[in-house]
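Novice:
Numbering (the UniProt record's numbering), first residue to last: 1 to 388.
Okay, structure coming up:
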């Protein structure tokens, strides 16, 4: 199909190159529209990836949560008794509990407090997949010793650098002295700028109002060969409705759905993509419409020579495709650079993904094709009689 379109005189390319200033303006406009879509989609993806990072790093085959649990930003507790009840089901090998709450971390240099997500785990059991945590779990057995997320916001202080140099870092968490005995890398998110992992005993000391038998997440480990989905179905049917059984990926989807549908953030990013798409349509339409208007006598002459509307419309469509490609290429590389700058400034996992690059390319082609389709109405008005 495309070989037939381009095997003849490249009329579309020559028309675009004839007005170089107009071509540059058109490419710049499409590049701007594509960058707007790249940035909005990138931020949305970074939001989701950062929000579900800790969920996917939990060491569990199944997860037990409160059915009203929506986000780590506002956790919901349930009775630890429900977690122990799962041990009576076939396929369940062991269980582990996790406390979650938001604490106040004090930067020892600025003496300013900043909210941080605190995780309380049993130091004798594996709760996270982070190798650094598994290597330093013994340190958590002593009270007021914590592991710090070195990929968090720099406002918490130079914790990672100082710890690597001295092997220790002293500060305050919820106005109580704590000592950093290890670091790991999870990263900041829209819900939390950083994370701290403590033992369950230290957690209860940091949050004295918490009831020990009320937990936020129950981790369920299955016996080798057990089918996670089958066991999940059995637990969901057998346990009371005051708890919910999910796979770790299902747990992550709960958090993702909250930010996508439970807040205005997902709508805002989607609106940004839509605005970029519309801007691109308007820009390309103006360029193609102006091109057709200025060359109406030429198009009418071609019609008088026997060229069909279909051929001339194909030329206009080729112009739209060329503009799409020429605008997409610089947008891709410029957006890639902006991703790196944004990551350095915010520590959000903002990277260029193949599926996003393909999605924006498709939207660009559709955007330019739609603009070409609108401009075709002007081309159909070219009458050979206008030449004479």
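C-beta atoms are modelled at their ideal positions from N, C-alpha and C, and glycine is treated no differently.
Please list, in chain order, all residues of the same chain as residue 136 whose beta carbon is under 7 Å from its beta carbon, the five residues on each side excluded.
Specialist: The residues are 147, 181 and 182.
Novice: Taking the runs of the alpha helix (DSSP H) that are 4 residues or longer, which of them lie wholly in the stretch 228-287?
Specialist: You should have 228-238 and 248-261.
Novice: Does the distance from the C-beta atom of residue 218 to that of residue 63 stay below 8 Å?
Specialist: Their beta carbons are under 8 Å apart, which means residue 218 touches residue 63 by this criterion.
Novice: Expressed to the nearest angstrom, what Euclidean distance is found between the alpha-carbon atoms of residue 174 and residue 93?
Specialist: Their Cα atoms are separated by approximately 36 Å.
Novice: With a cut-off of 8 Å on the beta carbons, I'd call residue 190 and residue 259 a contact; round off their distance for me.
Specialist: Right, the Cβ-Cβ distance comes to about 7 Å (below 8 Å), so this counts as a contact.
Novice: Please state whether the Cβ-Cβ distance between residue 351 and residue 328 is less than 8 Å.
Specialist: Contact: no.
Novice: Using alpha carbons as the reference points, say which of 142, 335, 253 and 246 lies closest to residue 391.
Specialist: No statement about residue 391 is possible, as the shown extent of the chain runs from 1 to 388 and does not include it.
Novice: So what's residue 113 in DSSP terms, helix, strand or just coil?
Specialist: DSSP places residue 113 in strand when its eight states are reduced to three.
Novice: Where does residue 27 land, buried or exposed, given buried means 16+ other C-beta within 10 angstroms?
Specialist: Residue 27 should be labelled buried.
Novice: Counting C-beta neighbours from all protein chains within 10 Å, is the total for residue 53 16 or more, i.e. buried, or is it exposed?
Specialist: Its Cβ being crowded by 16 or more others within 10 Å, residue 53 is buried.
Novice: To the nearest angstrom, how far is the alpha carbon of residue 166 from that of residue 160?
Specialist: Computed Cα separation, rounded: 10 Å.
Novice: What residue ranges within the stretch 190-234 form continuous alpha helix (DSSP H) runs of no fewer than 4 residues, ordered along the chain?
Specialist: Listed in chain order, they are 200-206.
Novice: Report all residues from its chain with a CB closer than 6 Å to the CB of residue 305; omit the five preceding and five following residues, and keep chain order.
Specialist: Closer than 6 Å at the Cβ level, and outside the excluded window around residue 305, lies no residue.
Novice: For residue 120, name the three-state secondary structure that DSSP assigns.
Specialist: Residue state, collapsed to three classes: strand.
Novice: Secondary structure at residue 61, three-state DSSP: helix, strand or coil?
Specialist: It is coil, neither helix nor strand.
Novice: Counting pairs of Cβ atoms below 8 Å between the stretch 310-328 and the stretch 340-347, do you hit three or more?
Specialist: In short, these stretches do not touch, since the Cβ pair count stays below three.
Novice: Which residues bound the alpha helix (DSSP H) around residue 134?
Specialist: Unbroken alpha helix (DSSP H) run through residue 134: 131-135.
Novice: Mapping the DSSP letters down to three states, classify residue 172 as helix, strand or coil.
Specialist: Correct three-state label for residue 172: strand.
Novice: If you reduce the DSSP assignment to three classes, tell me which class residue 320 lands in.
Specialist: DSSP places residue 320 in helix when its eight states are reduced to three.
Novice: For residue 261, count the other beta carbons within 10 Å of its own beta carbon; 16 or more makes it buried, fewer makes it exposed. Which is it?
Specialist: Classification for residue 261: exposed.
Novice: Could you tell me if residue 145 is buried or exposed, where buried requires 16 or more neighbouring beta carbons within 10 angstroms of its beta carbon?
Specialist: Classification for residue 145: buried.
Novice: For the stretch 99-119 against the stretch 149-159, are there 3 or more C-beta pairs whose distance is under 8 Å?
Specialist: In short, these stretches touch, since the Cβ pair count reaches three.
Novice: DSSP on residue 89, reduced to helix/strand/coil?
Specialist: Residue state, collapsed to three classes: coil.
Novice: Which residues does DSSP pair with residue 148 in a beta bridge?
Specialist: Residue 148 pairs with 183 and 196.
Novice: Pick from 74, 85, 272 and 119: whose alpha carbon is nearest that of residue 207?
Specialist: Among 74, 85, 272 and 119, the Cα nearest to that of residue 207 belongs to 119.
Novice: Just mark residue 255 as buried or exposed, buried being the case when its beta carbon has 16 or more other beta carbons within 10 Å.
Specialist: That one is buried.
Novice: Determine the DSSP secondary structure at residue 290, reduced to helix, strand or coil.
Specialist: The answer is helix: DSSP assigns residue 290 an H, G or I state.
Novice: In terms of residues, what are the limits of the alpha helix (DSSP H) holding residue 55?
Specialist: Residue 55 -> alpha helix (DSSP H) spans 20-56.
Novice: Might you give, ordered along the chain, the residues of its own chain that have their beta carbon closer than 7 Å to the beta carbon of residue 1, omitting 5 neighbours on each side?
Specialist: Residue confidence is low: residue 1 scores 46 on pLDDT, short of 50, so the model does not pin down where it sits. Its coordinate-derived value is still stated next. So the list is empty, once near-sequence residues are dropped.
Novice: Considering only C-alpha positions, which residue in the set 220, 331, 283 and 40 is nearest to residue 436?
Specialist: There is simply no residue 436 to check, as the chain begins at 1 and stops at 388 in what is shown.
Novice: Check the DSSP bridge columns for residue 100 and list the partner residues they point to.
Specialist: Partner(s): 119.
Novice: Within 8 Å (strictly less), CB to CB, does residue 260 reach chain B?
Specialist: Absent from the structure: chain B. Only one protein chain is present.
Novice: Alpha carbon to alpha carbon, how far is residue 322 from residue 13? Give it in angstroms, no decimals.
Specialist: So the two alpha carbons sit approximately 8 Å from each other.
Novice: In three-state terms, what does DSSP make of residue 69?
Specialist: Of the three classes helix, strand and coil, the one that applies to residue 69 here is coil, per DSSP.
Novice: Can you check DSSP and say which residues form a bridge with residue 106?
Specialist: Paired residues: 113 and 172.
Novice: Nearest by alpha-carbon distance to residue 138: which of 188, 199 and 209 is it?
Specialist: That would be 199, whose Cα lies nearest to the Cα of residue 138.
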